[in-house]
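Here the protein sequences line up with chains A and B, keeping their order. At position 318 of the first sequence the residue is numbered 318 (this note's numbering), and the sequence of numbers has no breaks. One rule links them: number in this note's numbering = place in the second sequence (from 1) + 1000. A virtual CB, placed ideally from N, CA and C, is assigned to each residue, including glycine. Bear in mind the structure is a predicted one, so any value in this text is a computation, not a measurement.
There are 2 protein chains.
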Amino acid sequence: MNHIQTSASLVVEELKPILGDRLATSNAVREHHSHDTSWLAPHMPDAVAFPRDEDEVVAIVRACAKHGVPVVPFGAGSSMEGHTIPVRGGVTIDTREMNRIVEIRPKDGLAVVQAGVTRKQLNEELRATGLMFSVDPGSDASLGGMASTRGSGTTAVRYGTMRENVMALRVVTPDGTPIHTGSRARKSSTGYDLTHLFVGAEGTLGLITELTVRLHPIPEMVSSAVCAFEDVGEAVQAVIETVQYGIPVARVEFMDEVAIEGTNAYSGLDLKVTPTLFFEFHGTPAWVDEQSRLVAEIASGHGGSDFRWSTDPDERAKLWQARHDIYWATKAQRPGCELFTGDICVPISRLAESIVAAREDIDASFLKGQIIGHVGDGNYHTAYLIDPNSKEELEEAERLSGLLVERALAVGGTASGEHGIGMGKIKYLRKEHGAAVDVMKRIKAALDPAGIMNPGKMGQEG
Amino acid sequence: MNHIQTSASLVVEELKPILGDRLATSNAVREHHSHDTSWLAPHMPDAVAFPRDEDEVVAIVRACAKHGVPVVPFGAGSSMEGHTIPVRGGVTIDTREMNRIVEIRPKDGLAVVQAGVTRKQLNEELRATGLMFSVDPGSDASLGGMASTRGSGTTAVRYGTMRENVMALRVVTPDGTPIHTGSRARKSSTGYDLTHLFVGAEGTLGLITELTVRLHPIPEMVSSAVCAFEDVGEAVQAVIETVQYGIPVARVEFMDEVAIEGTNAYSGLDLKVTPTLFFEFHGTPAWVDEQSRLVAEIASGHGGSDFRWSTDPDERAKLWQARHDIYWATKAQRPGCELFTGDICVPISRLAESIVAAREDIDASFLKGQIIGHVGDGNYHTAYLIDPNSKEELEEAERLSGLLVERALAVGGTASGEHGIGMGKIKYLRKEHGAAVDVMKRIKAALDPAGIMNPGKMGQEG
């Protein structure tokens, strides 16, 4: 037994009377918490705790702090960059039992939830209120995890990312002190903005136990449109003009020809195999109608054709289901393959050239790959189809992803639009943020001098 | 000469060859930088520097760091809570010569400006682009100052505060290191969110030298409406329903009967003397028309009457001018008086009771006062008319402002919606943020161990 394991066993001994069965040391549970959805090497925690409330989190963190044992927060396990891999062992805190919706305040447009509540769970609960929680990453992630990676999804162009939708937090700091950040007011000019410091900190500065999030009215009318373009440049130009015109598109998603081909095959659609935009408009019936007409006009000015739009819920559902099934559609293109995904975000004026270059990289590679994106934000994902057992293919995917990031940084973009840094992209942190990384490290050292919160990640590395 | 003055004279000696006339030690210049627009006691800096670029700021901060001399950032001097008062002397850095608009990128909807650029200057420059910078505090503040106080104004309900409109910063840290934060991408999941840490830090963690800010399309059509209500409760309920309906009002301002009375007299209007809402709608002509009709319907459901609306630019300008002249209209009610302003923000469901209680406090006091507010955000200001030479009146104003804050905090609100903490409200910081204040202090100590950046304020006190 090494030092950490010995210390961890002391922590387990101390916590067992408090948590009982909700403190697991079995191989099966530890194995489940040793990896995420990424390609990064797994590593087992020494124990996994399933607290139900903040008091229990405080007890766990204090015990770990006392014995110098790492604490690794874990939500739904849907990270794509290794955030939750306990590379130095220790105690993983799985928040799945912290799944209580504490309060919904429709007049204030906010909900208070424990960190383990998932986005679908919250929206289910909101149905009767006429309000929705807008942030929609692909998976049914926990809100604590989404906040920690500063996650987003298809609606960020209209409603913002977690950055804009988290109003307040409760956090247990690395020394086991529970604090609150922010307030229930829409705006505030008091104190350092700790809410935004913890949002995106990937669990390295403390563990989020509770979130106050913004809610938005469910629109009276929703309409979708699909529009085919000759090339990427014209499609992106149509998006730029739409935004410049002040049309508040609720979603605008891009799929390249490879993605369309896979989707047609998988979802039984007959979309033209060409760069394509999927729009969604929210508002009153008259306003949605006007938005659709304005966008159709802009799109046709850029060679957009086949502009199909629909307010029929079933037809809409089928279309967005196809968009959401892109993961499966892509995998179906090469039986047995896995997807290696890229995720960058650039100023929208540089988006077309960025996508074209990414496409050329893929075409020149022996790997097959596709491009989809939240283009209203300038954010897109590459997906390379790889054989998970081929070192050569993995290395090639990493090379392509690296090219993507380097080009994004060269035009003022970022290494990750929504998946986060985790371990997979920590190597780009200094390239993007320069000397500011040293400021980040000083903050980490000030809040977590013993380095027990999610060690080996941001704040220590990079 | 005390220690600080001796050290300061060494700094002056070192900087004179670099800054020449742009380093002032005259009494007149120092006096000008000894106060802001608040009631707080003035204190003179030892010297005032007027740098033109980041390199010069670096030289100043390094010289001050070397000799342990305080550095106090100063924008337009329009602070209302004593942010820029150099309570421990040192070198005030006035950014007025850093007034260059570095770059405007219409397609990306962003502008890059030096910290001393004012909001009006930027909007003047933007005229030809069809874009605008939306944040509009009462004064023509510098963008560096607005960012540092996390400022806002009448359009925050639609376009957000500085928190939502600053994308990236260049900052000189307390040891004289220039860093950049954020990027030109709309969203990012990389690194701690240092942009939001410096926004609202009131110059205590570093000096902002450059900002990248979001721009918004100038709407095709703008329409304004005024609507009179029986009481505050009904007016606020109309606002809540408007927001819940998803109508994106661009502005919704409240004035109580005392404010209306003063405005009528000062601006030659004939508004009904009763709680009143001023609306503004932005969009296409058809959409603006629909928004106006929907809001008129909601308002009349709450006893709203006299619903006057206008798309005529002159009539609109007159109305908003009257709203903006409220400061002068109020002062005119009591010749020779000054205004002591309160500024709190509450969850909107608690706004009506909050305003009613504030009104009752004023009515029970020997002071005269009025209430105006950015009610879509739950933010409002009290203004007490006081004789600047009366200790008794000043104390009474402070007592009323204190009651306001205590009640706001009791319902989950904040001690300041947009004016900041400065020195005037530092006493409420711990009451609002609890143990999180210790986290703030640890961050301050980590980034500024010698405590030279705007000392005696947030991060050290509270």
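Pairwise C-alpha distance: residue j and residue i
| i | j | result |
| --- | --- | --- |
| V61/A | V71/A | 7 Å |
| G451/A | I443/A | 11 Å |
| K457/A | E202/A | 8 Å |
| A1238/B | A250/A | 25 Å |
| M1001/B | D1046/B | Model confidence at M1001/B stands at a pLDDT of 41, short of 50, so the residue's coordinates are unreliable; what they give is reported in the following sentence. So the alpha carbons of these two residues sit roughly 11 Å apart. |
| E1234/B | S1300/B | 10 Å |
| G1268/B | L1169/B | 43 Å |
| G1093/B | I1179/B | The sequence shown places Ile at residue 1093/B, not Gly. One C-alpha to the other measures close to 18 Å. |
| S1310/B | V1135/B | 23 Å |
| D1361/B | A1408/B | 14 Å |
| R119/A | K318/A | 21 Å |
| A358/A | T414/A | 15 Å |
| Q5/A | E31/A | 16 Å |
| E1461/B | A1141/B | 26 Å |
| L143/A | H1033/B | 46 Å |
| M1221/B | A1435/B | 48 Å |
| T1025/B | V1226/B | 50 Å |
| F18/A | A1156/B | The amino acid at residue 18/A is misidentified as Phe; the sequence shows Ile. Whole-angstrom Cα-Cα distance: 47 Å. |
| R1052/B | L1277/B | 43 Å |
| L1040/B | L122/A | 47 Å |
| A446/A | R1430/B | 20 Å |
| D36/A | V411/A | 31 Å |
| I1260/B | V1087/B | 38 Å |
| S365/A | T95/A | 41 Å |
| P1106/B | L1131/B | 7 Å |
Neighbour list for residue i in chain A, Cβ cutoff strictly below 7 Å
| i | result |
| --- | --- |
| S1188/B | C345, T414, S416 and G417 |
| L1447/B | V439 and R442 |
Chain-ordered chain B contacts of residue i [CB-CB under 9 Å]
| i | result |
| --- | --- |
| S152/A | K1187 and S1189 |
| M440/A | G1191, Y1192 and L1194 |
| R214/A | The premise fails here: R214/A is roughly 11 Å from chain B at the closest Cβ pair, so nothing lies under 9 Å. |
| V199/A | D1193 and H1196 |
| A286/A | A1286, W1287 and E1290 |
| L429/A | T1190 and G1191 |
| V166/A | Within 9 Å Cβ-Cβ: nothing; V166/A doesn't reach chain B, min ~11 Å. |
Contacts that residue i makes with chain B (C-beta to C-beta distance below 7 Å)
| i | result |
| --- | --- |
| I348/A | K1107 and D1108 |
| T177/A | A1435 |
| P219/A | G1246 |
Residues bridged to residue i (per DSSP)
| i | result |
| --- | --- |
| H216/A | M132/A |
| N379/A | C345/A and H374/A |
| V1117/B | For V1117/B, which the question treats as bridged, DSSP gives no partner whatsoever. |
| L339/A | L385/A |
| M453/A | V71/A |
| W1309/B | A1225/B |
| I1208/B | V1171/B |
| S1142/B | T1118/B |
| I1101/B | V1113/B |
| K1368/B | L1385/B |
| A49/A | L23/A and I93/A |
Contact test: residue i Cβ vs the ligand NAP heavy atom, cutoff 7 Å
| i | result |
| --- | --- |
| A1238/B | In the structure shown, the ligand NAP is absent, as is every other ligand, since no ligand is present at all. |
Cβ shell of residue i (< 6 Å), same chain only, five flanking positions each side left out
| i | result |
| --- | --- |
| R22/A | F50 |
| G1151/B | P1137, M1162 and E1418 |
| A296/A | F307 |
| S148/A | E202 and G203 |
Own chain partners of residue i with C-beta closer than 7 Å, once the 5 adjacent residues on each side are dropped
| i | result |
| --- | --- |
| A68/A | Before going further, note that residue 68/A is Gly rather than Ala in the sequence given. Taken in chain order, the residues that qualify are S7, A450 and I452. |
| V112/A | V102, E103, E210 and T212 |
| P388/A | E338 |
Contacts that residue i makes with chain A (C-beta to C-beta distance below 9 Å)
| i | result |
| --- | --- |
| D1377/B | A185, R186 and K187 |
| I1104/B | In chain order: nothing, as chain A lies at least about 12 Å away. |
Same chain, Cβ closer than 8 Å to residue i, five either side skipped, listed in chain order
| i | result |
| --- | --- |
| N1165/B | F1133, S1134, V1135, Y1159, V1213 and R1214 |
Listed by chain order, chain B residues near residue i by CB distance under 8 Å
| i | result |
| --- | --- |
| Y161/A | Position check: residue 161/A holds Thr in this sequence, whereas Tyr was assumed. The contacting residues are K1187. |
Query raised in the report: Does the pairing of the segment 1071 to 1091 of chain B with the segment 1211 to 1230 of chain B give three or more beta-carbon distances under 8 Å?
Result: At 8 Å Cβ cutoff, the stretches do not touch.
**Report entry** At least 3 beta-carbon pairs within less than 8 Å: the segment 321 to 333 of chain A vs the segment 247 to 266 of chain A
**Finding:** A contact between stretches requires three or more CB pairs, one per stretch, nearer than 8 Å, and the segment 321 to 333 of chain A meets this requirement with the segment 247 to 266 of chain A.
Query raised in the report: Counting Cβ pairs, one atom from each stretch, are 3 or more of them under 8 Å apart for the segment 341 to 358 of chain A and the segment 395 to 410 of chain A?
Result: Counting C-beta pairs closer than 8 Å gives three or more between the segment 341 to 358 of chain A and the segment 395 to 410 of chain A, which meets the contact rule.
Query raised in the report: Can we say the segment 276 to 287 of chain A touches the segment 1277 to 1291 of chain B, given the rule of at least three CB pairs closer than 8 Å?
Result: The segment 276 to 287 of chain A makes contact with the segment 1277 to 1291 of chain B: 3 or more CB pairs, one atom from each, lie closer than 8 Å.
Requested in this report: Decide yes or no for the touch test of the segment 185 to 197 of chain A against the segment 1359 to 1379 of chain B: beta carbon pairs closer than 8 Å, at least 3 of them.
Outcome: Touching, yes.
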